[in-house]
Amino acid sequence: MKKHFAKYKGRGVAAPAIPNGYHILWSWIGACLAIGMISWLSNEANAPFFMVPFGASCVLVFGLPNSPLAQPRSLVFGHLLSAIIGLIVMKVFGLEWWAMGIAVASAIALMQMTRTLHAPAGATPLVVMLENADWSFLFTPVLSGTLVLLLIGLVANNLSKERSYPDYW
Numbered sequence: 001m002k003k004h005f006a007k008y009k010g011r012g013v014a015a016p017a018i019p020n021g022y023h024i025l026w027s028w029i030g031a032c033l034a035i036g037m038i039s040w041l042s043n044e045a046n047a048p049f050f051m052v053p054f055g056a057s058c059v060l061v062f063g064l065p066n067s068p069l070a071q072p073r074s075l076v077f078g079h080l081l082s083a084i085i086g087l088i089v090m091k092v093f094g095l096e097w098w099a100m101g102i103a104v105a106s107a108i109a110l111m112q113m114t115r116t117l118h119a120p121a122g123a124t125p126l127v128v129m130l131e132n133a134d135w136s137f138l139f140t141p142v143l144s145g146t147l148v149l150l151l152i153g154l155v156a157n158n159l160s161k162e163r164s165y166p167d168y169w
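Sequential numbering of the sequence shown, starting at 1, is according to UniProt numbering.
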């Protein structure tokens, strides 16, 4: 029995080092600008450019810009495909508790199959279902918001001499 629980102790690998202050500062600047811009656009256009998973997307795009999960294809298509899955599952099965599980699991599988895995996009089908969204949700906030995040990610991450974004498209 003890052998079965051994892997729960972890592999004994050290926690990652704290990033240098310059990296933290650029992460802060990028996230502040991205969320600020999306919020401003929402207010000015009186339209929902914002959804909560974008905060978690900022962690990846600005905090870990070299992660495969932060790359443009994962950011944009991860959220977009996950929103499509949420809409389809909601239309077919309704807002049942088990349908939400199917939506998230299906979104993860589709992102894996399309090489667009983006952890924050795992919440996107839930947002779609809990908001009882319609197909326009794909454009506002999903596509519009991810494109703003991407644009600011490209600018903010490349202003720094120590950072480069993206690693690939």
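Just so you know, even glycine gets a beta-carbon here, dropped at the ideal spot from N, CA and C.
Values in this document were obtained by computation on a predicted structure and should not be read as measured data.
Item, Value
"Close Cβ partners of V89 (< 6 angstroms) along its chain, the five nearest in sequence each way excluded", "A99, I102 and A103"
"Touching by the beta-carbon criterion (3+ pairs, under 8 angstroms), the stretch 151–165 and the stretch 130–141", "no"
"Ranges of the alpha helix (DSSP H) found wholly within the UniProt domain \"HPP transmembrane region\" (21–166), counting only runs of at least 4", "21–45, 53–58, 72–93, 97–113, 124–130 and 144–159"
"Nonlocal neighbours in the same chain, by C-beta distance under 6 angstroms from A6, ignoring five residues either side", "none"
"V76 vs A70 beta-carbon contact at 7 angstroms", "no"
"Rounded straight-line distance, which links the Cα of L33 to that of S42", "14 angstroms"
"Status (buried if at least 16 other CB within 10 Å, exposed otherwise) for G10", "exposed"
"For A121 and A107, believed in contact at Cβ under 8 angstroms, the rounded distance", "7 angstroms"
"Close-in-space but distant-in-sequence residues of the same chain around P48 (CB under 7 angstroms, 5 per side omitted)", "S42, T140 and P141"
"Terminal residues of the alpha helix (DSSP H) in which K2 lies", "K2 to F5"
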